[in-house]
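Undergrad:
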Amino acid sequence: MDESLPRTSFADSRSMTAMTIRPMTEADLPAVLRIEKVSFSSPWTAAMFIAELRENLCSKFLVAMMDGTIVGYIGGWIIADELHLLSLAVDPVSRRLGVASRLVEALYRQGRVRIVRAGLEVRASNHAALVLYRSLGFRAVGVRPNYYADPREDAVIMEWTARSEGGSDDDRGRRGSDRTPSENP
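So the mapping is simple: the numbering used here equals the position in the sequence shown, first residue as 1, plus 222.
Shown next as structure tokens:
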């Protein structure tokens, strides 16, 4: 695996063989919205997803499928060599199968150049997400007070950099756009 990407771990061998990841389309929204509603207290609306899919050139959204069913999705903005993760959710029955890790890894590969920095905000009480992001090499770098509403809560600001994954600046420069892991998505 390319050391410049976040580390991934797979909890179940089914996640390696039975999962496909592809770009999200508007036709995916009923399944995505169902996952969104069971995952978040303030879910995105269809209009929010449509705006990202149609209007934002920096926006990349992907879905994960197992046995022909959408089991998770991820979305973020890729600007030059940076990624800002906007949303990630996995259907509760498909959690702990490596879906989220695979989605994060796939989103990193959507940039035109190698991603060298990524950031996100996550609810301070979302312990499962904090554990996931730490396992992928993200670190907490700050707090946004009262960032979330319904319920009002602070966000933990997390960041990942290629530098945090090890290797020298010279090694990263030589790798250039070689950011694809040895595993297939």
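All residues carry an ideal CB built from backbone N, CA and C; glycine is no exception.
1. In chain order, what are the residue ranges of uninterrupted beta strand (DSSP E) at least 3 long that sit wholly in the region 362-390?
2. Buried or exposed for Ala350, going by 16 or more other Cβ atoms inside 10 Å?
3. Tell me the rounded alpha-carbon separation between His306 and Met241.
4. Compute the Euclidean distance between the alpha carbons of Leu308 and Glu274, then round it to the nearest angstrom.
5. Identify whether Arg356 lies in helix, strand or coil by the three-state DSSP scheme.
6. Do you know how far the Cα of Ile257 is from the Cα of Val344?
7. Just verifying my parser: in three-state terms, what is the DSSP assignment at Val335?
8. Between the region 329-339 and the region 355-369, do at least 3 Cβ pairs fall closer than 8 angstroms?
9. For Arg374, I'd like the list of residues in its chain whose CB is within less than 6 angstroms of its CB, leaving aside the five on either flank, ordered along the chain.
10. What residue ranges within the region 236-315 form continuous alpha helix (DSSP H) runs of no fewer than 4 residues, ordered along the chain?
11. Alpha carbon to alpha carbon, how far is Val254 from Met270?
12. Let me know the secondary structure DSSP gives Arg317 once reduced to three states.
13. Which residue or residues does DSSP assign as beta-bridge partners of Leu342?
14. Taking only heavy atoms of the ligand ZN into account, decide whether any of them is closer than 7 angstroms to the Cβ of Ile300.
15. Using a Cβ-Cβ cut-off of 8 angstroms (strictly less than) and excluding sequence neighbours within five positions of Ser347, which residues of its own chain qualify?
16. What residues in its chain sit with their C-beta under 7 angstroms from that of Gly298, if we drop five residues either side in the sequence?
17. Hey, out of Arg366, Tyr295, Ala249, Trp382, whose CA is closest to Arg324's CA?
TA: For this structure:
1. Runs of the beta strand (DSSP E) inside the region 362-390: 375-383.
2. Exposed, because fewer than 16 other Cβ atoms sit within 10 Å of the Cβ of Ala350.
3. For His306 and Met241, the distance between alpha carbons rounds to 24 angstroms.
4. Leu308 and Glu274 have their C-alpha atoms roughly 10 angstroms apart.
5. DSSP places Arg356 within a helical segment (H, G or I) once states are collapsed to three.
6. The alpha-carbon atoms of Val344 and Ile257 are separated by roughly 17 angstroms.
7. Val335 falls in the coil class under three-state DSSP.
8. Segments in contact, no.
9. For Arg374, same chain residues with a beta-carbon under 6 angstroms away, outside a window of 5 residues either side, are Asn368 in chain order.
10. Fully enclosed alpha helix (DSSP H) runs of 4 or longer: 236-239, 251-261, 268-277.
11. Distance between the alpha carbons of Val254 and Met270: 12 angstroms.
12. Correct three-state label for Arg317: coil.
13. According to DSSP, Leu342 bridges with Met380.
14. Because no ligand of any kind appears in the structure shown, any question about the ligand ZN cannot be addressed here.
15. Exclusion of the five residues before and after Ser347 leaves Glu375 as the residues of its chain whose Cβ lies within less than 8 angstroms of its Cβ.
16. Listed in chain order, the non-local C-beta contacts of Gly298 below 7 angstroms within the same chain comprise Lys282, Leu305, His306, Leu307, Leu308, Leu329, local neighbours out to five positions each way being set aside.
17. If we check each option's Cα against that of Arg324, Tyr295 comes out closest.
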